[in-house]
Amino acid sequence: MGEQPVNMNIPARPWSKNKPPRRILAIRLQAMGDLAAALPYLQDLRDSFPPSVKIDLLTREEVEDIPRNILLFNKVFSIGGGRNFKKQLASTFLLLPKLFIQRYDVIIDLQNNLVSKIVRKSLLPKAWSVFDRFSPIAGGERYRLTIEAAGIGKIKAANRFHLKNPASGVAILKKNGWEEQNDLVVLNPAAAFETRNWNIHNYVVFAKLWLSEFPRTQFLVIGTSFIASKADFLKEQLGEKLISLVNKTTPSEAFAVLQQVKFVLSEDSGLMHMAWGSGVPTLGLFGSTRTDWVRPLGEHTFFLDSSDLPCGACMQETCRFGDVHCLTRYTPEKVIHHAFSLLQRLEKIKKNIYQ
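Numbering of the sequence shown is given in the numbering used here, commencing with residue 776 and proceeding in unit increments.
Below, the structure is given as structure tokens:
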């Protein structure tokens, strides 16, 4: 069969046999947040097939930690080279023989770049599909459409994962001062640019408003040295009510910690995608980001963005008006209102399910 459009902007050669494929390769190379956002859809794909169908992943060494530590893939292959494209290509060509002997029936290219194209063309799968990088719809929805375009069934987001070491999250939390009777709420001031940063003082006010309603709460900051100074400030302001895990977890350990969390308040970052992908109630704060691409999906999420402004979703690193109005207008009081509304809505859904 030749190339044919199965869905708008999704090139694909669908699986045409009546029996399931023997082996499937999914490709997602970067970045951590993007890979994390794809995992719920790949988990549902895994759940839809018997164990005899093998599903493997090709990714990069920098982001392989989480997929290697969840019970989803039969094999995880990764390419090296860091951010150096020539080294990535060299690593890819060295890996191709190992991939070729797997004899993949279906390749789902969730990356759509030169490296993933080389892999797909070289492995000669019977069926394949390629991610649409540019349509103005959420990335999660594009992952779903790409997987379905391969012709192997309908899927949805499965926001629950089985970790290889599920106790690791609890152990890390206890070691760092978590009292198990307390709920955990993540504060994540981790967006890359000032146009995506909510003022750090707002997080303090948000936390105090939360404590007035849920006093048995401890707050968490998880991440790298990139947010160390912000974590230190929050620790100074919130004292024993805040647990800082900055530079204390691997990505898979952070993923395990998130499974214990009641709520996440996050700027645009990889951790936000890890949270909503895990089914954790998540409120995303977006400034200059295009939320039509990266918004969290599902009933357990909510987000505040700049799409209603004439200058919204500008994708600029600095605000041309100098005030980052897209985020300064969101007060802690407004954000806490949306946070509580989200939790109340989820509680109603939960009650309706069990009635």
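All C-beta atoms, glycine included, are put in the ideal place defined by N, C-alpha and C.
Here the stretch 781-796 makes no contact with the stretch 859-877; the two share fewer than three CB pairs at distances below 8 Å. CA-CA distance, L986 to A965, rounds to 22 Å. For S866, the CB contacts under 8 Å within the same chain, skipping 5 residues up- and downstream, are I854, G855 and G856 in chain order. Cβ contact annotation for H1113 (same chain, cutoff 8 Å, sequence separation greater than five): L1058, F1077 and L1079, in chain order. In the DSSP assignment, G1059 is bridged to S1041 and F1078. Distance from the CA atom of Q1091 to the CA atom of V1099, rounded to whole angstroms, is 11 Å. Put simply, of P911, R971, D907 and Q956 the residue whose alpha carbon is nearest the alpha carbon of W1068 is P911. C-alpha of P815 to C-alpha of M1049: approximately 10 Å in a straight line.
Under DSSP, R798 shares a beta bridge with K829. The C-beta separation of A932 from D840 comes to about 21 Å, leaving the pair out of contact by the 8 Å criterion. Close CB contacts of N974 within its chain, under the 8 Å cut and outside five residues either way in sequence, are with L1102 and T1103 (chain order). By the Cβ criterion, the stretch 976-994 is in contact with the stretch 1013-1032, since at least three pairs of Cβ atoms, one from each stretch, lie closer than 8 Å.
Between L920 and K1037, the C-beta spacing is not below 8 Å. Beta bridge pairing from DSSP links I893 with no other residue. By the neighbour-count definition (other C-beta atoms within 10 Å, threshold 16), Q1119 is an exposed residue.
When secondary structure is reduced to three states using DSSP, I841 falls in the helix class. Comparing alpha carbon positions, the residue from F1096, E1074, L962 and I1124 closest to L1084 is F1096.
A Cβ-Cβ distance of about 5 Å is found for the pair Q886 and L804, placing them in contact under the 8 Å criterion. In the assembly as shown, H976 is an exposed residue. Its beta-carbon has fewer than 16 other beta-carbons within 10 Å.
It is roughly 18 Å from the alpha-carbon of F852 to the alpha-carbon of L938. Along the stretch 860-893, the alpha helix (DSSP H) occurs as fully enclosed runs of 4 or more residues at 860-875, listed in sequence order. Contact annotation: I799 and S891 have beta-carbon atoms that are not nearer than 8 Å.
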